[in-house]
Each structure stands twice: as C-alpha cells, then as structure tokens.
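In our numbering, the protein residues as written are 1 to 246. Just so it is clear, CB atoms sit at the ideal spot from N, CA and C, and this is done for glycine as well. Accompanying notes for the structure given below.
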Amino acid sequence: MPTYREQAVVLRTHKLGEADRIITLLSRGRGKVRAVARGVRRTSSKFGARLEPFSHVDLQLASGRSLDVVAQAESLDAFGDPLSADYPAWTAGQVMLETADRLVVEEGEPALQHYRLLVGALRALSGGTADGPRPASMVLDSYLLRALAVAGYAPSFRDCAHCGLEGPHTAFSPASGGVVCERCRPPGSARPSPETLELLGALLEGRWAATRDVGPRSAREASGLTSAFTAWHLDRSLRSMAHVER
C-alpha cells in the first residue's frame, strides 16, 4: 500500500476488535483522517501512548480502501500530560477536540486553519499564551470564537451584525450573529457591558495583551455569550450539513 506522512492531533479513539483502535485525526495536510492503529491496545505496542486524545504526532500512514493504517507514530507534543493535572484545562481541551471534530466534517479535505488553530489553542491551554497564562475558560472562549470564524460564522462585536450599521452597539443576539443596533435588536437580546464586548473582540482576534486586567464579571459574561453563540451556530452548521446529505 502507498504510504504518506502527516502531522496531526488525535481527536478521539474507538476500540476495534481485541487489540486495535480506530483513531480520528485532524491533520495538517488532509484535514480529518480516520485510521486503524493495529495492536495499539497491547502492552507491547510501540506507540500506543502516542495515539491518545490530545496527542500531537508525526505519523506515517498506509493508504487503505476504507481506513488508512498507522505504520509509525512519533510524538511532537503530549498535551494530555499537563492537562490531566488541571481539571478545568482538561475539560476545556475536551470541548476543543469535540468542536474541531464537529466543524471539520468532510474527511480528506484540507483544513489547515482548523489544524493550526487547534494546535495553538492546546499549546496555550497547557503552557500559556504568548502573553502569559490565562484561565482555561478564556483560552477556550478564544478558540471557539476563532474556530467558528474559520468555519464562516465570524461574530461581530462592534457593527450591527444584521444591517451593518457602524457601532459600537449595546445589544447582543447569538441568532443574529453578534451585536445589533436598536432597530435590529430581537426581543430578549442580551445587554453586555462595553468591557465584555471589548474582551470578546480581543479573544476573537487573539490579542492576549488586551486581556491582562479583565475582571471576573466580564470574563463570566463573555463566556456565557460565547457559549450561547457557539451553541446556536454549531447546531445550525450541523443542521445544514444534515439537510445537504438528505
């Protein structure tokens, strides 16, 4: 079988038979890849520990009919080790892996931006951002906003997401795509503080220096809005995919 090399992050694994696993990967050049790791569950396996979720690996794979086969695995970053000692960071990382898995739908389609974003987010989660450590929830919020932007659902935190009227505006609607003006504001829209909207904009753009002195209230409010925005648009994306497949 022809072989190829890839760098990838392990998103999840499934047992196969008595000793094998199916590994779902987000790779640098081929997007999502599913491959069989033969004998990986045996204690004598040479690379079993390198193919756990959170592992960033350099792989040699053999092309197969339905699933590729892992022939060799070298560790690049063992993100799972530091995360396992920090429960908030671990749970944030799990959300990152699941989100990447859900946003990158088609197997074999290049998804370089998603790959780079996930590696960078896991690195910031386990070792700190370019401007020093940040709470796991803040790193997760930044990843979610940026991953949705890469997928085509970039939120607006200044100009009206519905009509484009120049901001700043004070109302926020996940269904509308971010902040909205008074004319476009749907009933029940949130009224976040200006500090919260500034924080969300910094997280979306990766401006970590601007997040140094954020208060806990703004951080909590930003997380709530990020969760609402993510839930709405991620579910919408999956519904659209299901409609296309039907």
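May I have the straight-line CA-CA distance separating residue i from residue j, to the nearest angstrom?
i	j	result
A85	S55	15 Å
F229	K15	34 Å
S13	L204	Note on identity: in this sequence residue 13 is Thr, with Ser being the wrong assignment. Their Cα atoms are separated by approximately 30 Å.
D235	R21	29 Å
M96	P187	31 Å
L199	A219	8 Å
P133	R207	13 Å
A92	S227	12 Å
G224	A71	43 Å
S189	P168	15 Å
P155	A149	7 Å
L51	R42	13 Å
V69	L25	12 Å
D101	C184	33 Å
E18	S193	55 Å
Y153	F79	28 Å
F157	E195	11 Å
R38	H114	27 Å
Is residue j closer than 8 Å to residue i when the C-beta atoms are compared?
i	j	result
T3	Q60	yes
V10	P53	yes
E6	G31	no
A161	G178	yes
R146	L117	yes
T211	L144	no
V33	E109	no
A8	V57	yes
P174	W232	yes
V40	L67	no
S142	P88	no
R191	A222	no
L83	A151	no
Helix or strand or just coil, what does DSSP make of residue i?
i	result
A228	helix
H169	coil
R185	coil
S176	helix
L67	coil
S75	strand
R50	helix
V105	coil
V139	helix
V33	strand
G152	coil
G127	helix
G206	coil
V10	strand
H233	helix
S223	helix
H56	strand
S240	With a pLDDT of 48 at S240, under the threshold of 50, the modelled position of that residue is not reliable, and no figure is offered here.
G132	strand
S27	strand
A85	coil
A100	helix
Kindly identify the DSSP beta-bridge partner or partners of residue i.
i	result
Y4	L61
V20	According to the sequence as given, residue 20 is Asp; it is not Val. In DSSP, D20 forms a bridge with L16.
A190	F172
Say yes only if the C-beta of residue i is nearer than 7 Å to one or more non-hydrogen atoms of the ligand NAP, and no if none qualify.
i	result
W232	With respect to the ligand NAP, the structure offers nothing, as it holds no ligand at all.
For chain B, is any of its Cβ atoms less than 8 Å away from the one on residue i?
i	result
D58	Any reference to chain B falls outside this structure, which holds one protein chain only.
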